[in-house]
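The opening position of the sequence shown corresponds to residue 1 in full-length UniProt numbering, with each subsequent residue numbered one higher. Notes to accompany the following structure.
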Amino acid sequence: MKRGPGRPKVSSVETLSEAAIELFLEVGFERVSIDDIAGRAGVSRGTFFTYFPGGKADALWCRVRPTLDAVQPSPDGPPVRACADALARAVEPWEDRVPQVLRDAEAMGATEVLLASAGVHAAELSAVLAHRIAVGEDILPESNRASGVAGALIGAAFGAIGAWVRAPEGTAEAAVRASVEPLVEPLER
């Protein structure tokens with residue numbers, strides 16, 4: 001697949017992600033090569049890997065990654081509440097719009113890839129939340145309590161997002177809050 005006419009030769013994460021998603025929608029995730037994406041974006045294969053060292057799956061997460069990076073629990077207040085609020089606030093910019101990569105995952109043939117790679121991103125989030133819980137409760141971040149509470153909150157949030165993507169009623173923030181809220185009080189010490 002050759003680079004489209006008129007596409008500028010720029011090497012930004014957004015340009016590469018856009019090229020990847022266009023191709024995934026056109027022919028399916030499995031049929032698209034790294035060379036196809038690089039060619040569509042007008043960059044080299046090496047440039048692709050500079051931005052997406054994990055390969056094609058990283059290109060899928062590019063549009064959702066800012067949401068994950070936005071999960072920053074407040075240093076004030078009860079730690080479990082701070083973590084639950086941070087998860088809900090992170091999806092607030094979505095309002096009632098499902099991010100394209102999640103909305104079109106099935107059409108791209110990328111549902112399995114997204115699910116398989118979600119664990120890596122959940123582990124990164126777990127470390128952020130476990131650290132906040134550990135600091136707030138004066139325990140080790142790798143303790144069963146800190147990692148278990150973080151995992152429970154992330155599982156509830158990811159589950160809520162998955163359900164909301166399939167049937168987007170209300171906002172993503174409201175869906176996440178409804179899912180994590182029942183956990184807050186029982187998990188607080």
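Built from N, CA and C at the ideal position, the CB exists for glycine as well.
Chain-order list of residues whose beta-carbon lies under 6 Å from that of residue i (same chain, five-residue window excluded)
| i | result |
| --- | --- |
| residue 187 | 80, 149 |
| residue 123 | none |
| residue 20 | 37, 59 |
| residue 12 | none |
Close-in-space but distant-in-sequence residues of the same chain around residue i (CB under 7 Å, 5 per side omitted)
| i | result |
| --- | --- |
| residue 35 | 45 |
| residue 114 | 60, 105 |
| residue 189 | 137 |
| residue 48 | 16, 34, 37, 38 |
| residue 125 | 68, 71, 154 |
Outcome for residue i when other beta-carbon atoms lying within 10 angstroms are tallied against a minimum of 16
| i | result |
| --- | --- |
| residue 18 | buried |
| residue 58 | buried |
| residue 132 | buried |
| residue 116 | exposed |
| residue 97 | exposed |
| residue 73 | buried |
| residue 179 | buried |
Option nearest residue i by Cα separation, candidates the options
| i | options | result |
| --- | --- | --- |
| residue 91 | 183, 21, 158 | 158 |
| residue 22 | 110, 175, 126 | 110 |
| residue 181 | 165, 163, 156, 162 | 156 |
| residue 121 | 78, 69, 12 | 69 |
| residue 176 | 185, 160, 166, 184 | 160 |
| residue 162 | 140, 103, 31, 185 | 103 |
| residue 185 | 108, 84, 40, 43 | 84 |
Cβ neighbours of residue i in the same chain (closer than 8 Å, five flanking residues each side left out)
| i | result |
| --- | --- |
| residue 14 | 62 |
| residue 192 | In this structure the chain extends from 1 to 189, so residue 192 is not present and cannot be described. |
| residue 140 | 134, 146 |
Quick one: any contact between the region 170-177 and the region 142-154, if contact means 3 or more CB pairs under 8 Å? Output reads no: the region 142-154 does not touch the region 170-177.
Mind the definition here: the region 63-75 touches the region 37-54 only if three or more C-beta pairs lie below 8 Å; say whether that holds. no
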